[in-house]
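Visitor: Please see the structure below; I have some questions.
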Amino acid sequence: MFIFDSARKEKREFIPQNEGKVTLYVCGPTVYDDAHLGHAKSALVFDLLTRVLRAHGYEVTYARNITDIDDKIIKKAREQNKKISEITTFYTSSFHAEMAALGVQRPDIEPKATESLEAMYEMIQKLIDKGHAYTTPSGDVYFDTSSDSGYLSLSKRVQEENDKQNRVESSEEKRNSADFALWKSVKDGSVTFESPFGLGRPGWHLECSAMIEKHLASSHAEYAVDIHGGGADLLFPHHENEAAQTRCATNHALAAYWMHNGFVNIDGEKMSKSLGNSFFLKDALKIYDGEVLRFYLLGTHYRSNFNFNTQDLEASKKRLDKLYRVKKRLFGLTGEEVATAFQNELLKALGDDLNISAALALIDELINKINETLDTPGKHKEFKREALSNLAYIERVLGFGVQNPYEYFQSGVDEATKAKLAELIEKRSEAKKAKDFAASDAIRDQILAYGVQIMDTPQGTFWEKI
RNA sequence: GGUGCCAUCGCCAAGUGGUAAGGCCGCAGCCUGCAAAGCUGCUAUUCCCCAGUUCAAAUCUGGGUGGCACCUCCA
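The first sequence begins at 1 in the numbering used here and counts up one residue at a time.
What follows is the structure in structure tokens.
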């Protein structure tokens, strides 16, 4: 496999530290609000990566954290007069439900900040002991960036230039403007934990480094994890800071490979609350099938910026529809799974830094070949067996085509309408049998009024929601 | 100001030295009572512009132009 390593800015052959095993850590959500399309993109990208790694035969341990200690959470709890835990529980479960709708598999480990405090204390203490962190008079603990010769090696920035544009007020207690909080002392009792460093709460960057040590790292390894991923915006300062903490507190570097996914824009504009154009996943899922969103969001290479718009989504859906139509043609058939050349080619395409476009082109070729073959007379027994295996492989590795094909085309239609449609189709069939085409066409128009199109096949008349 | 990314058919989008994948849309045909679906064929001598390297460049180099991201919590 090949992976583009955003630390080195080049595509590299992927070689895990332990043969056959991969550790993957991805920065997950801060659970203070509904997930938007950007969260979906990131989760989908690393879901795909995990599936592809597993298809390559790797035993993958995938961890994605839940940040449940954060100023934004506290603010929200205050505003809504709720407990912190009510907020975090609510948004954690909605996140899980929405990701499930997209076909995102749950990570193997999902550590929470609130459950990782001991690991964080341990890391802070190590950093203090090694002279990489200092305590201020007001009780905060900061990471001393000047003590880390490798600082900024990940993002390759220039500190003086960062400072020129630094829009954040720098605390006067910090030794260097880039120093970041490991521990924030809190006196108002809002959300405080009792630590060896006093009452307070941990800085945001710390949790990932601590969780990685706790759950994934082996102390003698050169790297704490094989792959560390997240959104492109996290490269700096979040990942830079994580890398610094781990490098200074332990005897290994944080990650052998870094992967960053591109952003999701809406109609050419950055999603942001101030622009009022955040597209929440829960709203998108009211309009579109989760798998359609999965297919659309994964349809563009993970490192590209993604511009979400409904026209492109509709075009993308038509491509997925074709996969489902071919599944309809093979529906009900079963057989032993066999390995095929197609599967090898698909895996090769995806193994090249998740080249989804190449993979989709192969799938389109496959669909075309299946339709072409099924259009010719014959039983095609062996061909069908291979076709079924290939479709099953696509389901497993890409998560495309996982639904019952008939239900896929009829999702969102209520039972009463379905019954009515069945009735109309029956009437139309009778009219057709009587060669009363004026009547059958009139009924078809009635059916069309439901937003449904029909198709006559040798097996009968079927309908699809348009 | 710094760091970095991008520019390929009407639209989406691969391709990073060997002579332009794939999808949507469109056009023609087959099939169909007619449709829909499916199938077949057609649809970029050309990859933002200029110059250079090379037997060979969308792909490399230099210079432009135009987008964009990060440097603040952020996927």
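Ideal Cβ positions, reconstructed from N, Cα and C, are used throughout, including at glycine. Bear in mind the structure is a predicted one, so any value in this text is a computation, not a measurement.
Can you tell me which of the three DSSP states SER153 falls into?
Guide: Here residue 153 refers to the residue found at position 153 of the first sequence. Here SER153 sits in coil by DSSP.
Visitor: For the stretch 197–224, which segments carrying the alpha helix (DSSP H) assignment without a break, of at least 4 residues, lie completely within its bounds, in sequence order?
Guide: Listed in chain order, the complete alpha helix (DSSP H) runs (minimum 4 residues) inside the stretch 197–224 are 204–215.
Visitor: In chain order, what residues of the same chain lie with their CB nearer than 7 Å to the CB of SER6, ignoring the 5 residues before and after it?
Guide: As a position in the first sequence, residue 6 is number 6, starting the count at 1. Contacts found: LEU235, TRP258, MET259 and HIS260.
Visitor: From what residue to what residue does the alpha helix (DSSP H) around ASN390 run?
Guide: Position 390 of the first sequence, counted from the start, is the residue given in the question as residue 390. Per DSSP, ASN390 belongs to the alpha helix (DSSP H) from 381–398.
Visitor: Rounded to the nearest angstrom, what separates ALA359 and THR334 at their Cα positions?
Guide: Numbered from 1 along the first sequence, position 359 holds the residue referred to as residue 359. Numbered from 1 along the first sequence, position 334 holds the residue referred to as residue 334. Rounded to whole angstroms, ALA359 to THR334 spans 24 Å at the Cα level.
Visitor: Tell me whether GLU386 is buried or exposed, calling it buried when 16 or more other Cβ atoms sit within 10 Å of its Cβ.
Guide: The residue you call residue 386 lines up with position 386 of the first sequence. Classification of GLU386: buried, given that the 10 Å Cβ count is 16 or more.
Visitor: Please report the straight-line C-alpha distance between ASN368 and THR340, rounded to a whole angstrom.
Guide: Translated into the one-based positions of the first sequence, residue 368 becomes position 368. Translated into the one-based positions of the first sequence, residue 340 becomes position 340. Cα to Cα, ASN368 sits roughly 17 Å from THR340.
Visitor: Under three-state DSSP, which class holds LEU44?
Guide: Against the first sequence, residue 44 aligns to sequence position 44. Reduced to three states, the DSSP call for LEU44 is helix.
Visitor: Given a threshold of 16 other Cβ atoms within 10 Å of its Cβ, counted over all protein chains shown, does ASP163 qualify as buried or as exposed?
Guide: Along the first sequence, one-based indexing puts residue 163 at 163. ASP163 should be labelled exposed.
Visitor: Report the rounded CA-to-CA distance for GLU345 versus ARG444, giving the unit in angstroms.
Guide: For the purposes of this step, residue 345 is identified with residue 345 of the first sequence, where counting begins at 1. For the purposes of this step, residue 444 is identified with residue 444 of the first sequence, where counting begins at 1. Cα to Cα, GLU345 sits roughly 43 Å from ARG444.
Visitor: Once you ignore the five residues that flank ILE394 on each side, which residues in its own chain have a CB closer than 7 Å to its CB?
Guide: Here residue 394 corresponds to residue number 394 of the first sequence, with the count starting at 1. Taken in chain order, the residues that qualify are ILE363, PHE400 and GLY401.
Visitor: Please determine, among PRO202, THR376 and GLU160, the residue with the shortest C-alpha to C-alpha distance to MET120.
Guide: On the first sequence, position 120 is the one that residue 120 refers to. Comparing Cα positions, the closest option is PRO202.
Visitor: Evaluate ARG294 with the Cβ neighbour count: other Cβ atoms within 10 Å of its Cβ, from every protein chain shown; 16 or more gives buried, anything less gives exposed.
Guide: Against the first sequence, residue 294 aligns to sequence position 294. By the neighbour-count rule (16 or more Cβ atoms within 10 Å), ARG294 is buried.
Visitor: Is the distance from the Cβ of ILE66 to the Cβ of ILE73 below 8 Å?
Guide: The residue you call residue 66 lines up with position 66 of the first sequence. The residue you call residue 73 lines up with position 73 of the first sequence. Contact: no.
Visitor: Since VAL468 is in the alpha helix (DSSP H), which residue starts that stretch and which ends it?
Guide: No statement about residue 468 is possible, as the shown extent of the chain runs from 1 to 466 and does not include it.
Visitor: Report yes if the CB atom of ALA256 is closer than 8 Å to the CB atom of LEU154, and no otherwise.
Guide: Taking the first residue of the first sequence as position 1, residue 256 is located at position 256. Taking the first residue of the first sequence as position 1, residue 154 is located at position 154. For ALA256 and LEU154, no; Cβs fall outside 8 Å.
Visitor: How should MET99 be labelled, buried or exposed, when 16 other C-beta atoms within 10 angstroms of its C-beta is the threshold for buried?
Guide: Walking along the first sequence from the start, residue 99 turns up at place 99. Result: buried.
Visitor: Measure the beta-carbon distance from GLU254 to VAL225 and round it to whole angstroms, keeping in mind my assumption that it falls under 8 Å.
Guide: For the purposes of this step, residue 254 is taken as residue 254 along the first sequence, with counting starting at 1. For the purposes of this step, residue 225 is taken as residue 225 along the first sequence, with counting starting at 1. Before going further, note that residue 254 is Leu rather than Glu in the sequence given. LEU254 to VAL225, Cβ: 7 Å. Contact.
Visitor: Quick one: what's got a C-beta closer than 6 Å to ILE466's C-beta in the same chain, skipping five residues either side?
Guide: Residue 466 sits at position 466 when you count from the first residue of the first sequence. Excluding sequence neighbours, ILE466 sits near GLY451 and GLN453.
Visitor: I think THR61 touches ASP108, with their Cβ atoms under 8 Å apart; what is that distance to the nearest whole Å?
Guide: Against the first sequence, residue 61 aligns to sequence position 61. Against the first sequence, residue 108 aligns to sequence position 108. That belief holds up - the Cβ atoms of THR61 and ASP108 are roughly 5 Å apart, short of 8 Å.
Visitor: For LEU421, which residues from the same chain have a beta carbon less than 7 Å from its beta carbon, with the 5 sequence-adjacent residues on both sides left out?
Guide: On the first sequence, residue 421 is found 421 positions in, with the first residue counted as 1. Excluding sequence neighbours, LEU421 sits near ILE447, TYR450, VAL452 and TRP463.
Visitor: The beta strand (DSSP E) spanning SER351 covers which residue range?
Guide: By one-based count along the first sequence, residue 351 stands at place 351. In the sequence on display, residue 351 carries Gly and not Ser. Looking at the DSSP string, GLY351 is not in any beta strand (DSSP E); the run it does join, the alpha helix (DSSP H), is 341–351.
Visitor: From GLU207 to ASP70, what distance separates their C-alpha atoms?
Guide: Along the first sequence, read from residue 1 onward, the residue named residue 207 stands at position 207. Along the first sequence, read from residue 1 onward, the residue named residue 70 stands at position 70. So the two alpha carbons sit approximately 11 Å from each other.
Visitor: For SER13, which residues from the same chain have a beta carbon less than 6 Å from its beta carbon, with the 5 sequence-adjacent residues on both sides left out?
Guide: Counting from one through the first sequence, the residue named residue 13 turns up at place 13. Checking the sequence, you will find Glu at residue 13 rather than Ser. Once the five neighbours on either side are set aside, the close Cβ partners of GLU13 are PHE2.
Visitor: Taking the CB atoms as reference points, tell me whether GLY198 and LYS184 lie closer together than 8 Å.
Guide: Residue 198 sits at position 198 when you count from the first residue of the first sequence. Residue 184 sits at position 184 when you count from the first residue of the first sequence. Contact: no.
Visitor: Under 8 Å Cβ to Cβ from HIS56, same chain only, skipping five residues before and after it: list those, please.
Guide: As a position in the first sequence, residue 56 is number 56, starting the count at 1. Counting only Cβ-Cβ distances below 8 Å, and skipping sequence neighbours, we find MET1, LEU347 and GLY351.
Visitor: Have a look at PHE180 and ASN81 and give me their C-alpha separation to the nearest angstrom.
Guide: Your numbering for residue 180 matches position 180 in the first sequence. Your numbering for residue 81 matches position 81 in the first sequence. Using only the alpha carbons, I get a separation of about 30 Å.
Visitor: In whole angstroms, give me the CA-to-CA distance for VAL191 and LYS75.
Guide: Taking the first sequence and counting its residues from 1, the one referred to as residue 191 is at position 191. Taking the first sequence and counting its residues from 1, the one referred to as residue 75 is at position 75. When rounded, the distance between both Cα atoms is 11 Å.
Visitor: Which of helix, strand or coil does DSSP assign to ALA256?
Guide: Counted from its first residue, the first sequence places residue 256 at position 256. In this structure, ALA256 counts as strand in the three-state DSSP scheme.
Visitor: When we look at the beta-carbon of ALA438 and count the other beta-carbons within 10 Å, is it buried (16 or more) or exposed?
Guide: Within the first sequence, the letter at position 438 stands for residue 438. It counts as exposed.
Visitor: Find out if the Cβ-Cβ distance for the pair ALA133, GLN159 is shorter than 8 Å.
Guide: Within the first sequence, numbered from 1, the residue matching residue 133 stands at position 133. Within the first sequence, numbered from 1, the residue matching residue 159 stands at position 159. Against a cut-off of 8 Å, the Cβ pair of GLN159 and ALA133 comes out as no contact.
Visitor: Buried or exposed for ARG106, please, with buried defined as at least 16 other CB atoms from any protein chain shown within 10 angstroms of its CB.
Guide: On the first sequence, residue 106 is found 106 positions in, with the first residue counted as 1. That one is exposed.
Visitor: Anyone know if the C-beta pair for ALA35 and PHE95 falls short of 8 Å?
Guide: For the purposes of this step, residue 35 is taken as the residue at position 35 of the first sequence. For the purposes of this step, residue 95 is taken as the residue at position 95 of the first sequence. Result yes, Cβ atoms of ALA35 and PHE95 sit closer than 8 Å.
Visitor: What did DSSP end up calling LEU182 once you bin it into helix, strand or coil?
Guide: Counting from one through the first sequence, the residue named residue 182 turns up at place 182. It is a strand residue.
Visitor: Hey, could you find the ends of the beta strand (DSSP E) THR23 is sitting in?
Guide: As a position in the first sequence, residue 23 is number 23, starting the count at 1. Its beta strand (DSSP E) spans residues 21–26.
Visitor: Checking 8 Å against the spacing of the C-beta atoms, do ASN305 and ASN265 come in under that value?
Guide: Within the first sequence, residue 305 is the residue found at index 305, counting from 1. Within the first sequence, residue 265 is the residue found at index 265, counting from 1. It is a contact, given that the beta carbons lie within the stated cut-off.
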